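Residue numbers (the numbering used here): 687 to 767.
Backbone N, C-alpha and C fix where the C-beta goes; we use that ideal spot for every residue, glycine too.
Predicted model only: the values in this text are computed from it and were never measured.
Encoded as structure tokens, the structure appears first; notes follow it.
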């Protein structure tokens, strides 16, 4: 039985949204089950998808809080660094 973990930040994908909607999650569940069936022949009914949403404050990257890391890299892209 395939078990797939999806980890995302609790940032909305549309302006003003603060989390992933039920409709978006449902599309992810279906998409993952379809992908595993199409690529590996795994029966859709045997696929379990676990969706984890995390506050951005709970994540770090490059030794920094994620928000700070993103800010630094956004500035670097703007300056061409």
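In this structure, how does DSSP classify residue i when only helix, strand and coil are distinguished?
i, result
"residue 717", "helix"
"residue 741", "coil"
"residue 708", "helix"
"residue 698", "coil"
"residue 760", "helix"
Indicate whether residue i and residue j have their beta-carbon atoms separated by less than 8 angstroms.
i, j, result
"residue 689", "residue 734", "yes"
"residue 743", "residue 705", "no"
"residue 755", "residue 748", "yes"
Give me the DSSP bridge partner(s) of residue i.
i, result
"residue 751", "746"
"residue 734", "689"
Could you pull the start and end residues of the beta strand (DSSP E) that residue i belongs to?
i, result
"residue 695", "689–695"
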